[in-house]
Amino acid sequence: MKLLFTAAAAICMCAGSAAADPLSQEDQAFIMASVGTVKVTHECPGYELVPGALVKYGDRAGADTERIWPAILEAVRINANMDYDRSKLIPEVTRLVNVTADTLIDHSKKDNARFCKHWTDFYVGLGLIRRKR
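Position in the sequence shown (first residue = 1) + 493 = our numbering.
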């Protein structure tokens with residue numbers, strides 16, 4: 494009986510993490526665009542975010558923006574060594590934010606002019622960033 498209880502407890506403990514909603518392709522694209530646009534506007538002079546465009550982009554794509562957006566913001570805050578709300582973190586989101594940021598940093602270090610040309614054209618085309626006014 495003790496063994497059965499231990500096995501049941503182990504299954505219950507594991508079920509919580511297994512039941513977490515996985516990130517859909519739309520969620521992943523939303524996360525990468527969110528991190529990418531911020532990185533591009535930081536690295537490439539003369540560009541700014543279009544207010545409200547990122548969440549609209551995510552909504553239009555079918556991303557779970559209600560769940561994902563706060564987690565993106567907190568993952569960025571933790572990476573910037575700022576205070577953050579741990580209750581809003583989603584490990585899968587934090588990991589993808591980290592990988593995306595690291596990849597973009599590497600690309601910008603290799604050839605920043607090429608990086609800026611490619612990504613500003615891409616994100617302007619999506620309506621997520623624009624030239625500063």
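Backbone N, C-alpha and C fix where the C-beta goes; we use that ideal spot for every residue, glycine too.
Being a predicted model, the structure only gives us computed values, none of them experimental.
- Boundaries of the beta strand (DSSP E) harbouring leucine 542: 540 to 542, taken from the DSSP string.
- Here the stretch 581 to 597 lies against the stretch 558 to 568, with 3 or more beta-carbon pairs under 8 angstroms apart.
- DSSP, read as helix, strand or coil, puts isoleucine 622 in strand.
- Between the stretch 512 to 521 and the stretch 540 to 559 there are three or more inter-stretch CB-CB distances shorter than 8 angstroms, so the stretches are counted as touching.
- In the three-state scheme derived from DSSP, where H, G and I count as helix and E and B as strand, proline 515 is classed as coil.
- A distance below 7 angstroms between beta-carbons, with the five flanking residues on each side excluded, links threonine 530 to the following residues of its chain, in chain order: Leu542, Leu547, Tyr616, Leu621 and Ile622.
- Note on geometry: alpha-carbon atoms of aspartate 576 and lysine 610 lie some 33 angstroms from one another.
- The three-state reading of DSSP puts alanine 522 in helix, counting H, G and I together.
- Distances from the CA of glutamate 536 to each of Met525, Arg588 and Leu597 were compared; the closest alpha carbon is that of Leu597.
- The closest CA to that of alanine 568, considering only Ser601, Val528 and Asp599, is found on Val528.
- Contact between alanine 594 and asparagine 572 holds, with the beta-carbon distance rounding to 7 angstroms and staying under 8 angstroms.
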